[in-house]
Amino acid sequence: MHAVELLASWLITWSPAALILPLFLAIRVFPKAGIEARALAVFVFIASAAEAVAGVLWYSRLNNLAVLHLYTILEFFSLSFFYYLCLPGKVIRSVITVTTVLFLAFSIYENLFLNGMRIFNIYSRSAEGIIVTLYAVLLYIKEINAMPSPRTSMLLWSNTGFLLYFSGTFFLFIFDNSNDPDAMSTAVYKEFWAFHTLLMIILYSLISIGLWKVAFSKKMQ
Amino acid sequence: MESGFFEKNAVIIMLGSAGMLIMASTLVGIYLLSRRKILDQQKEMDISAEKHRAELVISEIETLENERQRIAGDLHDDVGMTLSALRLNLSLAFAQTGEGSVKNAVYMQCKDLVDNTIHKVRQISHGLVSPELQVLGLNAAVKALCESTEVSSGVHFHFICTNMFARPDAKTETAVYRIVQELINNTLKHAGAGTIAIEIIQKQDDLYVSYKDDGKGFDTTVTFSSGLGLLNMESRVQLLGGTFAIISAPGKGFAGEIHIPSAFAEKNTIPYHEDPEGNTYRHI
Chain A
112 MHAVELLASW
122 LITWSPAALI
132 LPLFLAIRVF
142 PKAGIEARAL
152 AVFVFIASAA
162 EAVAGVLWYS
172 RLNNLAVLHL
182 YTILEFFSLS
192 FFYYLCLPGK
202 VIRSVITVTT
212 VLFLAFSIYE
222 NLFLNGMRIF
232 NIYSRSAEGI
242 IVTLYAVLLY
252 IKEINAMPSP
262 RTSMLLWSNT
272 GFLLYFSGTF
282 FLFIFDNSND
292 PDAMSTAVYK
302 EFWAFHTLLM
312 IILYSLISIG
322 LWKVAFSKKM
332 Q
Chain B
2 MESGFFEKNA
12 VIIMLGSAGM
22 LIMASTLVGI
32 YLLSRRKILD
42 QQKEMDISAE
52 KHRAELVISE
62 IETLENERQR
72 IAGDLHDDVG
82 MTLSALRLNL
92 SLAFAQTGEG
102 SVKNAVYMQC
112 KDLVDNTIHK
122 VRQISHGLVS
132 PELQVLGLNA
142 AVKALCESTE
152 VSSGVHFHFI
162 CTNMFARPDA
172 KTETAVYRIV
182 QELINNTLKH
192 AGAGTIAIEI
202 IQKQDDLYVS
212 YKDDGKGFDT
222 TVTFSSGLGL
232 LNMESRVQLL
242 GGTFAIISAP
252 GKGFAGEIHI
262 PSAFAEKNTI
272 PYHEDPEGNT
282 YRHI
C-alpha cells in the first residue's frame, strides 16, 4: 500500500481518539465553568456521542449517514448557541437566531427532498461551513481588544479551531462527489477524507487547549 | 477509472481547501499580530499610568514632608522663642515680687503653664520632624520615638537594631521612620496593645524592619483595602522598590515586615554624623 494511503487509513481509523482529551476536559469544565465554556463542552458532548453511535453502526456494517445528518443539525445548533453567547449585540444575535432557524429548515428540506437520509448531506455541511467561518471571523474582530484571561484564551483557541476546520473543509463538502460513484476513485476519496480527519484532529486539539485553559485556571470562567 | 488528483473536482477541492486554509491562517496571523500590538499599547499605557501615579505619590509625600518641616520650623522658631521669652519675663517678674506675695502663686501657675506649653510645642515639633532622624539617623530616631512613646503611653517597647553599620539615604530613613511612626500610632489608637517590638536589621545592602504588637489585631482583607494609612505605607515602601507585608487576624496581634533592597548600597548610604572630637553616633 502507498505510504500516503497508509497514513490516510491510519488517520481515519484512529481519528475518534482525538475526542478523548476534549471530552475529559468538557466533563471537568461543565459543572463549574462559565456559560460559554459550557456551550463548547456541549459541542464536544454532541460530537462524542455522534462519533460513538456512528462508530457502532460502522462496525455493524450499517449505513451511518443518518447519524451524520442529525449530527450536522445538532452541531450547528450547539455552535450557533456558542457564538450567540460570544457575540454580543442585538442585531448579530437576531441574525444568528434567524440563520439557525433557516438552517434547520434547509437541512430538513435537503434530507427529505434533495439527497435523502442515506447519502451525504453536502449542502447542509457546506452551508454550515461558510456560516461558522463567518461567525469565527466576527468573533476575532470582537475579541481583538479583550484582555488576556482563561475565558479569552478558551474563545480564541477554540475559535481558531473552528475557523481552520470549517474553512478548510468547505470546498471538500461543496465539491464532494461521493454521491456520484463514477466521479472519484476510492483512493482519492480516502485521501480527501484523511485531509478532513487531519483538520478535525486540529480542531479537537485546539478545543482541548481552550478547555484546558479554563479547566486549570484558578477560577473557572 | 483513472486514479489520481486529476479526477473530476479533485483539483478544485484541493486548491479551494488550500486557498481557504491559507486565508484562514493569514487571518489568524493578522489577528495575532494586531492583538499583540494592542496589548503592547495597553501595557505601555498601564506603565505610563503607574508611573504617573508614582510621581503623584512622590510629590504628595514630598509636599507633606516640606509642610511638616515648615510647621516644625515655625513652631520651634516663632512659637517656641516667644514662649521662652514669656517664661523669662515671668521669672523676672517672680524675682521682683519677692517671696510670700499672694501674686507668687499666680506667677508659679503661669510659669508651669508656659513650661507645659513649651514642652508640648517641642513634642509636636519633634513629631513633625525628628531632629534625631536628621542628625543621628534612623536607629537613633526610632529609639527616641520608642522611649518617648513608652513614657507617654505606658506601652512597653522592645527595640533592637542589628548590624547597622551605615545610614541609608535620607528618603529611605524618612520613609521607614514615618511608617514606624504610623504603625505605632495605629497600635496606640486601635490595638490596645501592651507591648510593641521593633527590630531594624541590615543584611548586606538590604534593610529589614520588623514590627509586632500584641494587640487585638484585625482582618487584613477588610482593613488593608479600606485603610488609607496602610495603603500610604505600602506606597512609601513601593517607591523605594521595597515590599511591605502585614500579618494580622482578630485577637492575634499585628506583624509588619518591611524590606528595602539596596538601601545600604554605596551610592545610597550617608556617613554617620561625626562631631569635632571624632565621636560617631553609630552606636547609641
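Top line first, the protein sequences correspond to chains A and B. First residue of the first sequence? That's 112 in the numbering used here, and the numbers climb one at a time after it. First residue of the second sequence? That's 2 in the numbering used here, and the numbers climb one at a time after it. Each residue gets a CB set at the ideal place from its N, CA and C atoms; glycine is no exception.
Where residue i and residue j are concerned, what is the direct C-alpha to C-alpha distance, given to the nearest angstrom?
i: residue 171(A); j: residue 135(A); result: 27 Å
i: residue 279(B); j: residue 106(B); result: Reliability of the predicted coordinates at residue 279(B) is poor, the pLDDT of 45 falling under 50, and the value obtained from them is presented with this limitation in mind. Whole-angstrom Cα-Cα distance: 48 Å.
i: residue 247(B); j: residue 236(B); result: 14 Å
i: residue 182(B); j: residue 230(B); result: 11 Å
i: residue 244(B); j: residue 204(B); result: 15 Å
i: residue 201(B); j: residue 151(B); result: 18 Å
i: residue 19(B); j: residue 236(A); result: 18 Å
i: residue 160(B); j: residue 73(B); result: 26 Å
i: residue 166(B); j: residue 137(B); result: 13 Å
i: residue 5(B); j: residue 116(A); result: Here residue 5(B) scores only 45 on pLDDT, less than 50, and its place in the model is too uncertain to base an answer on.
i: residue 178(B); j: residue 139(B); result: 7 Å
i: residue 181(A); j: residue 238(A); result: 15 Å
i: residue 51(B); j: residue 78(B); result: 40 Å
i: residue 266(A); j: residue 232(A); result: 28 Å
i: residue 232(B); j: residue 111(B); result: 44 Å
i: residue 286(A); j: residue 280(A); result: 10 Å
i: residue 183(A); j: residue 275(A); result: 17 Å
i: residue 24(B); j: residue 228(A); result: 33 Å
i: residue 250(B); j: residue 256(B); result: 10 Å
i: residue 170(B); j: residue 143(A); result: 52 Å
i: residue 169(A); j: residue 306(A); result: 20 Å
i: residue 114(A); j: residue 301(A); result: 13 Å
i: residue 45(B); j: residue 253(A); result: 22 Å
i: residue 167(A); j: residue 124(A); result: 13 Å
i: residue 134(B); j: residue 195(B); result: 26 Å
i: residue 68(B); j: residue 141(B); result: 23 Å
i: residue 304(A); j: residue 49(B); result: 53 Å
Based on the DSSP output, what are the partners of residue i in its beta bridges?
i: residue 258(B); result: 211(B), 246(B)
i: residue 163(B); result: 202(B)
Helix, strand or coil for residue i per DSSP?
i: residue 198(B); result: strand
i: residue 205(B); result: coil
i: residue 191(B); result: helix
i: residue 157(B); result: strand
i: residue 168(B); result: strand
i: residue 109(B); result: helix
i: residue 130(B); result: coil
i: residue 255(A); result: coil
i: residue 305(A); result: helix
i: residue 228(A); result: coil
i: residue 283(A); result: helix
i: residue 187(A); result: helix
i: residue 321(A); result: helix
i: residue 47(B); result: helix
i: residue 264(B); result: coil
i: residue 282(B); result: Because the pLDDT at residue 282(B) is just 40, under 50, the model does not fix this residue reliably, and the value given afterwards should be weighed accordingly. If DSSP states are grouped into helix, strand and coil, residue 282(B) belongs with coil.
i: residue 113(A); result: coil
i: residue 230(B); result: helix
i: residue 172(A); result: coil
i: residue 144(A); result: coil
i: residue 193(A); result: helix
i: residue 137(B); result: coil
i: residue 121(B); result: helix
Is the beta carbon of residue j closer than 8 Å to that of residue i?
i: residue 122(A); j: residue 308(A); result: yes
i: residue 70(B); j: residue 130(B); result: yes
i: residue 250(A); j: residue 197(A); result: yes
i: residue 322(A); j: residue 151(A); result: yes
i: residue 14(B); j: residue 277(A); result: no
i: residue 216(B); j: residue 188(B); result: yes
i: residue 164(A); j: residue 137(A); result: no
i: residue 115(B); j: residue 93(B); result: no
i: residue 119(B); j: residue 85(B); result: yes
i: residue 247(A); j: residue 273(A); result: yes
i: residue 62(B); j: residue 143(B); result: no
i: residue 208(B); j: residue 145(B); result: no
- [ ] Count the CB pairs spanning the stretch 250–265 of chain A and the stretch 304–313 of chain A that are closer than 8 Å, and state whether there are at least three.
- [x] no
Open item on the list: Taking 8 Å as the cut-off, does the stretch 212–224 of chain B touch the stretch 162–174 of chain B (at least 3 CB pairs, one atom from each stretch)?
Closed with: no
Open item on the list: I want to know whether the stretch 21–40 of chain B touches the stretch 297–304 of chain A - three or more CB-CB distances under 8 Å.
Closed with: no
TODO: Decide if the stretch 170–184 of chain A is in contact with the stretch 216–236 of chain A; the criterion is three or more beta carbon pairs, one per stretch, under 8 Å apart.
DONE: yes
Open item on the list: Check whether the stretch 193–212 of chain A and the stretch 142–156 of chain A are in contact - that is, three or more C-beta pairs closer than 8 Å.
Closed with: yes
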